[in-house]
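Residue numbers (this note's numbering), protein chains in the order written: chain A, 1 to 227; chain B, 1 to 227.
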DNA sequence: AGCATAGTTCGGCCGTAACCGAAGCATAGT
DNA sequence: ACTATGCTTCGGTTACGGCCGAACTATGCT
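Quick look at the structure:
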């Protein structure tokens with residue numbers, strides 16, 4: 001009758017600490033082996049195996065065999081987004097995380113959300129793209145005509161991306177900033193390029209750290225037009 | 001260390017069928033009594049009492065005493081949005097709901113998402129507002145100057161809404177349409193007006209049904225400019 | 001005052017599922 | 001062929017949490 005049970009099934013799956021740990025480990029879009037996930041989740045291999053089987057059956061993750069390893073990853077960006085939403089709720093409702101290690105600020109500043117840039121810099125990126133007229137729209141973001149040219153110059157073949165199955169642009173709500181940043185194929189492509197050019201590099205977990213040259217390049221590339 | 005456990009705590013809360021039922025009942029933004037929620041959740045009063053205490057403590061719902069009743073409602077739109085996100089996941093990952101009663105299509109067409117219009121008509125509404133230049137932006141939706149005037153004519157005092165604490169416009173992802181519709185204070189105000197003018201009325205649960213006059217009015221009011 | 005209704009607390013039952021150790025396959029390397 | 005490693009299946013233990021009936025408190029109605 002109600003769709004409560006269907007929601008509950010997914011939520012219960014995420015609602016186990018070990019599984020939630022494994023899923024958050026995958027939130028950066030990488031593929032991890034069962035063993036790595038077991039370790040990250042703080043459980044023994046057999047337990048993890050059972051958990052992964054359930055996540056797999058529910059379609060939250062997908063697997064790819066390679067040799068004697070099994071590489072798991074999230075089945076899509078929507079999974080990561082749902083996790084971010086839950087994180088936002090936890091953030092708002094729980095009094096306040098007492099622990100605020102050195103990792104926390106770095107996470108807020110720049111991190112991977114599945115496969116694109118999130119956090120303060122992610123929001124700034126989208127803001128700059130808007131200000132420079134490269135993309136437009138609030139909810140349904142699209143590149144402008146001149147923006148497409150600019151992106152080509154930058155190294156992104158928008159036409160090709162647009163032909164893919166994945167939406168070109170997605171507005172993804174940032175849980176730490178509470179504003180949207182750019183996801184979708186374009187968001188992923190931009191992050192790829194930035195990493196490739198050594199503007200920033202992945203650190204442990206989802207943290208991204210700008211190189212000093214990268215920070216300058218980022219600011220000059222995505223500077224508002226008038227300034 | 002990881003934020004898995006924090007996510008898990010919220011998700012586990014939603015992950016119980018009885019609690020999920022109660023939460024979905026509240027997704028239309030109404031306040032319901034403990035008894036109504038118990039009945040809706042298919043559980044006895046004492047059980048519901050315990051569940052509600054936990055939801056309350058976690059901050060997912062808030063309560064308001066009134067006489068001998070206790071009225072519960074969701075603590076904010078973000079809760080409803082998270083539930084929608086989970087619904088979207090359940091939708092995508094589970095093979096397909098075998099049961100597709102008469103309620104299902106109606107729900108897809110027009111429903112309440114916390115306090116604004118969602119479903120096919122909700123997406124159409126935002127699309128029309130964009131096409132007519134009343135609002136603009138993809139992720140960060142804002143009314144245009146001329147749009148503000150149009151809205152005033154329609155009966156919405158944008159200035160007043162903007163002064164409130166709540167964001168004026170929110171892009172809310174629609175789980176059935178997989179596109180965004182208009183939430184926030186403006187979305188809520190528009191739905192209020194439409195209900196007040198008998199364009200549509202609430203049916204059981206979250207279903208909204210247009211009156212025949214209402215459908216005509218909606219289409220004429222939110223028709224694309226050129227057509 | 002007395003009754004009815006809304007809600008909570010308590011106690012005890014029960015089922016599910018998380019967990020691990022040990023053993024069993026499968027793949028890779030030598 | 002043999003050994004090492006990655007992962008799964010099996011079996012059995014344990015604990016947590018959902019559930020209700022019964023008893024209790026609080027509010028409202030008459």
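The C-beta atom is built at its ideal place from N, Cα and C for all residues, glycine as well.
Among B:59, B:89, B:93, nearest to residue 93 of chain A - alpha-carbon criterion: On the first chain, position 93 is the one that residue 93 of chain A refers to. For residue 93 of chain A, the nearest C-alpha among the options comes from B:59.
Counting Cβ pairs closer than 8 Å, one from the stretch 28-40 of chain B and one from the stretch 110-117 of chain B, do we hit at least three? A contact exists between the stretch 28-40 of chain B and the stretch 110-117 of chain B.
DSSP puts residue 33 of chain B in a beta bridge; with which residues? Your numbering for residue 33 of chain B matches position 33 in the second chain. Answer is B:71.
Below 8 Å, can you find three or more Cβ-Cβ pairs linking the stretch 161-173 of chain B to the stretch 183-195 of chain B? yes
Rounded separation between residue 125 of chain A and residue 191 of chain B - CA only: For the purposes of this step, residue 125 of chain A is taken as residue 125 along the first chain, with counting starting at 1. For the purposes of this step, residue 191 of chain B is taken as residue 191 along the second chain, with counting starting at 1. Those two C-alpha atoms are separated by around 33 Å.
Name, please, each residue of chain A whose Cβ falls closer than 9 Å to the Cβ of residue 94 of chain B. On the second chain, position 94 is the one that residue 94 of chain B refers to. Contacts between residue 94 of chain B and chain A, judged by CB atoms closer than 9 Å, involve 6, 9, 10, 58, 59 in chain order.
Looking only at C-alpha atoms, which of B:132, B:142, B:16, B:7 sits nearest to residue 9 of chain A? In the first chain, the residue the question calls residue 9 of chain A occupies position 9. Minimum Cα distance to residue 9 of chain A is reached at B:16.
Please classify residue 77 of chain A as buried or exposed, where buried requires at least 16 other C-beta atoms within 10 Å of its C-beta. For the purposes of this step, residue 77 of chain A is identified with residue 77 of the first chain, where counting begins at 1. Burial call: buried.
Verify the CB distance criterion: does residue 14 of chain B have a CB-CB separation below 8 Å to chain A? Residue 14 of chain B sits at position 14 when you count from the first residue of the second chain. Residue 14 of chain B counts as touching chain A.
Taking the runs of the alpha helix (DSSP H) that are 4 residues or longer, which of them lie wholly in the stretch 145-224 of chain A? 145-154, 158-163, 184-196, 212-221
Is there a Cβ of chain A sitting closer than 8 Å to that of residue 157 of chain B, yes or no? As a working note, residue 157 of chain B is residue 157 in the second chain. For residue 157 of chain B, the answer is no, since every Cβ of chain A falls outside 8 Å of its Cβ.
From residue 6 of chain A to residue 221 of chain A, what does the alpha carbon distance come to, in whole angstroms? Residue 6 of chain A sits at position 6 when you count from the first residue of the first chain. Residue 221 of chain A sits at position 221 when you count from the first residue of the first chain. In a straight line, the C-alpha of residue 6 of chain A is about 45 Å away from that of residue 221 of chain A.
Contact between the stretch 51-65 of chain B and the stretch 83-93 of chain A is defined here as three or more beta-carbon pairs at a separation below 8 Å; is this criterion met? By the criterion of at least three beta-carbon pairs nearer than 8 Å, the stretch 51-65 of chain B is in contact with the stretch 83-93 of chain A.
Strictly under 8 Å for the Cβ-Cβ distance: is residue 120 of chain B near chain A by that measure? On the second chain, position 120 is the one that residue 120 of chain B refers to. With 8 Å as the cut-off, residue 120 of chain B does not count as an interface residue toward chain A.
Is the CB of residue 63 of chain B under 8 Å away from at least one CB in chain A? Residue mapping note: residue 63 of chain B aligns to position 63 of the second chain, counting from 1. At a cut-off of 8 Å between beta-carbon atoms, residue 63 of chain B makes no contact with chain A.
So residue 54 of chain B packs on residue 86 of chain B, CB below 8 Å; how close in whole Å? Locating residue 54 of chain B in the second chain gives position 54, where the first residue counts as 1. Locating residue 86 of chain B in the second chain gives position 86, where the first residue counts as 1. Not quite, the Cβ-Cβ distance comes to about 18 Å (not below 8 Å), so this is no contact.
Mind listing the chain A neighbours of residue 81 of chain B? Cutoff is C-beta to C-beta under 8 Å, in chain order. Mapped onto the second chain, residue 81 of chain B falls at position 81. Think of a sphere of 8 Å around the beta carbon of residue 81 of chain B: the chain A residues whose beta carbon falls inside it are 85, in chain order.
For residue 122 of chain B and residue 131 of chain B, the rounded distance between their alpha carbons: For the purposes of this step, residue 131 of chain B is identified with residue 131 of the second chain, where counting begins at 1. For the purposes of this step, residue 122 of chain B is identified with residue 122 of the second chain, where counting begins at 1. Residue 131 of chain B and residue 122 of chain B: Cα-Cα distance of roughly 14 Å.
My assumption, with CB atoms under 8 Å, is that residue 51 of chain A sits in contact with residue 11 of chain A. Please give the rounded CB distance. Numbered from its first residue, the first chain carries residue 51 of chain A at position 51. Numbered from its first residue, the first chain carries residue 11 of chain A at position 11. The pair is not a contact, with the Cβ atoms about 15 Å apart (cut-off 8 Å).
Report the option in B:162, B:108, B:89 whose CA atom is closest to the CA atom of residue 206 of chain B. Position 206 of the second chain, counted from the start, is the residue given in the question as residue 206 of chain B. Among B:162, B:108, B:89, the Cα nearest to that of residue 206 of chain B belongs to B:108.
Check each candidate in A:158, A:70, A:161 and name the one with the smallest Cα separation from residue 33 of chain A. Your numbering for residue 33 of chain A matches position 33 in the first chain. Per the Cα distances, A:70.
Along the chain, where does the alpha helix (DSSP H) that runs through residue 55 of chain B open and close? Along the second chain, one-based indexing puts residue 55 of chain B at 55. First-last of the alpha helix (DSSP H) with residue 55 of chain B: 45-58.
Run through chain B and tell me which residues come within less than 8 Å of residue 24 of chain A, C-beta to C-beta. Here residue 24 of chain A refers to the residue found at position 24 of the first chain. Ordered by position in chain B, the residues that pass the 8 Å Cβ test against residue 24 of chain A are 2, 3, 4, 7.
Rounded to whole angstroms, what's the CA-CA distance from residue 65 of chain A to residue 41 of chain B? Just pull it up for me. On the first chain, position 65 is the one that residue 65 of chain A refers to. On the second chain, position 41 is the one that residue 41 of chain B refers to. Roughly 42 Å between the two C-alpha positions.
Give the secondary structure of residue 108 of chain B by DSSP, where H, G and I count as helix, E and B as strand, and everything else as coil. As a position in the second chain, residue 108 of chain B is number 108, starting the count at 1. In the structure shown, residue 108 of chain B falls within a helical segment according to DSSP collapsed to helix, strand and coil.
Can you say whether residue 154 of chain A is buried or exposed, counting buried as having 16 or more other CB atoms within 10 angstroms of its CB? Here residue 154 of chain A corresponds to residue number 154 of the first chain, with the count starting at 1. Residue 154 of chain A is exposed by the Cβ-count criterion.
What would DSSP say about residue 132 of chain B, mapped onto helix, strand or coil? In the second chain, the residue the question calls residue 132 of chain B occupies position 132. Three-state result, residue 132 of chain B: coil.
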